[in-house]
Amino acid sequence: MVHLFEWLGRKKEKDIFIHTVEHFEKVLESVVALKSAVKLFVEGGNRDELMKLLHKIAQAEHEADIICRKLVHDIATGQILPADHENLLFFVYRIDSIADCAHAAERYMALWEGKFLESAGQDLITMTETALESAEKLKLAVSQLNNRNFKEALDLCTEIEYLEDKGDDQMREISRKVLSSSLPVAHILLARDLIGAIETISDSARIGA
Numbered sequence: 000m001v002h003l004f005e006w007l008g009r010k011k012e013k014d015i016f017i018h019t020v021e022h023f024e025k026v027l028e029s030v031v032a033l034k035s036a037v038k039l040f041v042e043g044g045n046r047d048e049l050m051k052l053l054h055k056i057a058q059a060e061h062e063a064d065i066i067c068r069k070l071v072h073d074i075a076t077g078q079i080l081p082a083d084h085e086n087l088l089f090f091v092y093r094i095d096s097i098a099d100c101a102h103a104a105e106r107y108m109a110l111w112e113g114k115f116l117e118s119a120g121q122d123l124i125t126m127t128e129t130a131l132e133s134a135e136k137l138k139l140a141v142s143q144l145n146n147r148n149f150k151e152a153l154d155l156c157t158e159i160e161y162l163e164d165k166g167d168d169q170m171r172e173i174s175r176k177v178l179s180s181s182l183p184v185a186h187i188l189l190a191r192d193l194i195g196a197i198e199t200i201s202d203s204a205r206i207g208a
C-alpha cells in the first residue's frame with residue numbers, strides 16, 4: 000500500500016477514490032456473506048437458506064466486477080502518471096480478487112454433499128473470520144491513507160501481515176484434520192479447494208497492503 004501514499008499526496012483524484020471505496024464495500028459484502036454461509040454450512044443448517052447466502056456472495060462478486068471495470072476505465076482514461084497507473088490497477092485488481100476468492104469458496108460449498116468434517120468445522124469458521132478481518136483492516140487502512148494518517152495506515156498493514164500468517168497456520172491445521180479423516184477422496188479434494196479459497200482472501204489483503 001505504500002505505493003499509494005505519494006499518489007494520494009499529490010493528486011486530487013477524488014472520483015477514482017470514491018469508486019474505490021464503493022468497490023471495496025461491495026467486495027466486503029461478499030466476504031461478510033461468506034462468513035455467514037460458512038457458519039451455516041458447518042452447522043449443517045437449512046440448505047435453502049445456505050443457497051440464498053451463496054447466491055448473495057455470487058451477486059456481490061458480480062456487482063464488484065462491474066464497479067471494477069468502471070474503475071479500470073477511469074484509471075486508464077484519467078490524467079495519471081504511468082507509474083501511478085500501474086500501481087492503482089494492481090491495487091484495484093488485488094481488491095477485486097478478494098471477492099473472486101469468496102465467489103470460489105461459495106461454489107465449492109454448493110458442490111458439497113452432506114455436512115462438513117465436524118472436527119474441522121469450528122476451525123473453518125475461525126479462518127473465515129480471519130479472512131474477513133484482514134479485508135476489513137485493508138479497507139480501514141485505505142481510509143486512513145486518504146485522511147493522510149500514514150502511521151495509522153502502516154500500523155494496519157502490519158496487522159494485516161500478522162493476520163495473513165495466522166490464516167496460513169489455520170489453513171495448515173484444517174488441512175491436517177481433513178487429510179487424516181475418513182472423508183472420500185472427492186470430498187478431501189473439494190475441502191482442499193474450499194480451504195484454499197478462503198485463506199487466499201487473507202493473502203490478497205496482505206498483497207494489497
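Heads up: the sequence shown runs through residues 0 to 208, numbered per numbering that gives the first Met the number 0.
For glycine and all other residues, C-beta sits at the position ideal for the given N, C-alpha and C.
Quick caveat: nothing in here was measured; it's all calculated off a predicted structure.
Exercise. According to the neighbour-count rule (16 or more other Cβ atoms, all chains shown, within 10 Å of its Cβ), is S181 buried or exposed?
Worked result: exposed
request  = Taking only runs that begin and end inside the stretch 81-165, name each unbroken alpha helix (DSSP H) of 4 or more residues, in chain order.
outcome  = 81-110 and 117-145
So V26 and I97 are supposed to be a Cβ contact under 8 Å. How far apart are they, rounded?
5 Å
Q: List the whole-angstrom C-beta distance separating I74 from L53, where the pair is believed to meet the contact cut-off of C-beta under 8 Å.
A: That pair is no contact at about 31 Å.
Proximity to K114 [Cα-Cα], best of V31, F16, K34 and H186: H186
Practice task
Going by CA-CA distance only, name the one from F16, A119, V71 and C100 that's closest to E28.
Solution key: C100
Going straight from the alpha carbon of Y107 to that of Q143, what length do you get? 35 Å
(request) Return the first residue and the last residue of the alpha helix (DSSP H) that G44 is part of. (result) That residue, G44, is in no alpha helix (DSSP H); it is neither H nor E in DSSP.
Distance CB(A32)-CB(I56) smaller than 8 Å
yes
Check your understanding: Taking all protein chains shown into account, do 16 or more other C-beta atoms lie within 10 angstroms of the C-beta of T157, making it buried, or fewer, making it exposed?
Key -> exposed
Residues of its chain near A190, where Cβ-Cβ distance is below 6 Å and the 5 sequence neighbours each way are ignored: V177
* To do: Report all residues from its chain with a CB closer than 8 Å to the CB of D95; omit the five preceding and five following residues, and keep chain order.
  => H22, V26, A63, D64 and C67
Quiz prompt | Extent of the continuous alpha helix (DSSP H) run through A196 | solution = V184 to G207
C-alpha distance - V20 paired with E163, whole-angstrom precision: 22 Å
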